[in-house]
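Numbering (the working numbering), first residue to last: 1 to 537.
Each residue gets a CB set at the ideal place from its N, CA and C atoms; glycine is no exception.
Below: the structure, in structure tokens.
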């Protein structure tokens with residue numbers, strides 16, 4: 001007898017088709033049967049050792065977070081309710097060109113310092129891996145939800161070239177190509193870049209194109225955080241489209257927003273660019289989060305020259321009075337490339353987290369507000385905080401536009417990604433609320449998307465991008481990564497004031513056919529594993 005039958009669910013199967021009533025049978029970690037309209041037809045209903053009454057609930061595939069920063073959180077926090085409670089059954093990590101494999105001892109230490117604001121310093125983690133394959137093996141020991149990995153181009157460059165702003169030698173480029181190939185052979189699904197973060201931003205297009213040729217040869221995709229989301233946003237999107245077209249590589253645009261005042265109302269221009277490229281044969285997808293503020297580290301807004309050489313060099317420049325004044329001028333007058341070519345507006349930058357608890361007074365305030373309290377100029381406050389917390393502070397950047405958010409999420413190649421940073425006392429609510437916020441706010445309350453369309457954005461579309469042949473749909477034989485939610489009550493509990501509040505209206509989540517959320521509570525099940533690249537046919 002099968003393990004589980006979910007009775008009388010309203011199945012939204014991820015295809016975009018209309019919902020239907022069915023009994024769904026789960027056995028051996030897969031969907032073993034689907035009996036449509038079983039009760040109405042009066043037919044023999046499937047039986048199982050356990051029966052779950054799903055009357056009034058929608059059954060959908062598990063949600064895929066196409067842009068996650070859970071690289072260490074999955075290892076640190078077995079509970080991981082931040083994602084599991086949202087119905088997320090698969091996260092894509094290794095984002096923005098910086099993560100923890102492949103590394104050597106030197107590079108690991110540098111990367112840990114560089115992205116401590118994203119993932120914490122990692123002092124509680126046993127870094128017993130160095131290669132991509134070893135990291136994926138570590139995930140296979142058991143995690144809350146599944147995870148796929150992107151080879152981080154910035155980490156590859158740090159390992160090969162270092163943190164200097166210079167061209168790679170032919171020998172270094174060949175070594176980078178080899179490292180990317182090894183990561184893909186070991187199971188990575190593609191490659192990411194952070195082209196406003198050091199050292200990945202120092203790579204010229206020719207170098208990125210060569211690496212993308214390697215990615216394409218393995219059937220992977222390129223996922224860039226491109227060179228500008230501000231003054232040069234459209235040009236940066238064009239650059240990525242042209243680069244991947246030349247390389248013959250699939251493109252997935254990370255957190256594809258149009259931010260800052262210069263881009264208010266300009267989402268249609270981005271979408272027209274993408275439509276033209278799609279019509280010409282490019283393979284493009286994108287992800288967004290359903291909020292207007294962004295989230296990154298305070299150090300990320302610094303000009304690239306100030307970050308050359310790595311974290312210790314950056315701290316040295318901040319400590320030097322003359323160099324610090326040059327940094328201030330680039331930020332406040334010229335428009336730093338780290339701040340997307342736009343002069344910084346200190347009243348839009350809110351501190352969301354610090355590593356040193358003694359600096360907690362800054363959290364929840366903008367730089368401008370803290371400066372006013374301290375009776376000093378905003379740059380003095382920002383500089384002091386960067387030095388005191390050794391580049392670790394995370395920020396919310398209130399620079400988005402609601403009309404752009406809605407326009408982009410409607411596009412046919414759109415997928416959902418939280419870009420959720422789980423560190424800090426006051427993280428962005430997207431880390432805990434992205435997927436229920438789509439379903440509750442943008443589907444039920446605003447009607448921006450239909451329920452069936454939205455579920456497709458969050459399930460089958462990302463599964464297709466990841467080339468997963470048996471995930472993303474409610475189909476017989478598919479992996480039983482499933483979510484049951486109440487369409488009348490599903491909502492994000494997280495807010496900017498209380499960002500760690502869990503969602504409502506998602507009583508059941510299954511990973512590999514096992515309940516990780518049951519009756520609205522996290523179980524002790526660790527059914528997640530590394531999801532490795534499927535080789536092209």
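Nearest-angstrom beta carbon gap, residue j and residue i [assumed within contact, 8 Å]
i           : j           : result
residue 303 : residue 327 : 6 Å
residue 58  : residue 12  : 5 Å
residue 525 : residue 483 : Not a contact, Cβ separation roughly 15 Å.
residue 514 : residue 289 : Not quite, the Cβ-Cβ distance comes to about 28 Å (not below 8 Å), so this is no contact.
residue 205 : residue 243 : 5 Å
residue 192 : residue 96  : 6 Å
residue 45  : residue 3   : The pair is not a contact, with the Cβ atoms about 16 Å apart (cut-off 8 Å).
residue 391 : residue 527 : In fact, because the Cβ distance is near 36 Å, the residues do not count as touching under 8 Å.
residue 150 : residue 74  : The Cβ separation is near 15 Å, so there is no contact.
residue 198 : residue 110 : Not quite, the Cβ-Cβ distance comes to about 10 Å (not below 8 Å), so this is no contact.
residue 285 : residue 415 : 6 Å
residue 222 : residue 273 : Not a contact, Cβ separation roughly 17 Å.
Neighbourhood of residue i by C-beta, 8 Å cutoff - its chain only, sequence neighbours within 5 removed
i           : result
residue 332 : 343, 344, 379
residue 454 : 438, 439, 442, 443
residue 53  : 7, 8
residue 337 : 196, 201, 227, 228, 303, 304
residue 43  : 35
residue 365 : 350, 351, 373
residue 219 : 467, 533, 534, 535, 536
Between the CA atoms of residue j and residue i - distance to the nearest angstrom
i           : j           : result
residue 252 : residue 376 : 42 Å
residue 523 : residue 28  : 19 Å
residue 163 : residue 112 : 14 Å
residue 479 : residue 372 : 55 Å
residue 158 : residue 437 : 37 Å
residue 533 : residue 148 : 8 Å
residue 37  : residue 516 : 27 Å
residue 216 : residue 182 : 14 Å
residue 175 : residue 225 : 23 Å
residue 501 : residue 507 : 15 Å
residue 116 : residue 32  : 43 Å
residue 246 : residue 208 : 11 Å
residue 350 : residue 330 : 20 Å
residue 260 : residue 154 : 25 Å
residue 108 : residue 233 : 31 Å
residue 230 : residue 241 : 17 Å
residue 82  : residue 347 : 28 Å
residue 161 : residue 428 : 33 Å
residue 67  : residue 512 : 21 Å
Per DSSP, cross-strand counterpart(s) of residue i
i           : result
residue 485 : 58
residue 397 : 294, 349
residue 223 : 192
residue 36  : 22
residue 64  : 90
residue 514 : 511
residue 149 : 93
residue 543 : Residue 543 cannot be examined here, being either before or after the span of the chain that is shown, 1 to 537.
residue 420 : 68
residue 177 : Answer by DSSP bridge pairing: none, since residue 177 is not bridged.
residue 10  : 21, 58
residue 51  : 5
residue 539 : Outside the modelled stretch of the chain, which goes from 1 to 537, sits residue 539, for which no answer is possible.
residue 622 : A query on residue 622 cannot be resolved here, the shown segment of the chain reaching from 1 to 537 and no further.
6 Å Cβ shell around residue i - same chain, five flanking residues per side excluded
i           : result
residue 119 : 71, 72
residue 63  : 87, 88, 435, 458
residue 439 : 490
residue 135 : 101, 129
residue 492 : 433, 436, 437, 503
residue 401 : 264
residue 353 : 394, 423, 424, 425
residue 55  : 8
DSSP state of residue i mapped onto helix, strand, coil
i           : result
residue 540 : Absent from the structure is residue 540, since the part of the chain shown begins at 1 and ends at 537.
residue 192 : strand
residue 495 : coil
residue 358 : helix
residue 322 : helix
residue 284 : strand
residue 252 : strand
residue 509 : strand
residue 414 : strand
residue 473 : coil
residue 266 : coil
residue 501 : coil
residue 521 : strand
residue 43  : coil
Same chain, Cβ closer than 7 Å to residue i, neighbours up to 5 away in sequence not counted
i           : result
residue 444 : 487
Proximity test, Cβ basis, 8 Å: residue i and chain B
i          : result
residue 87 : This model lacks chain B altogether; it includes just one protein chain.
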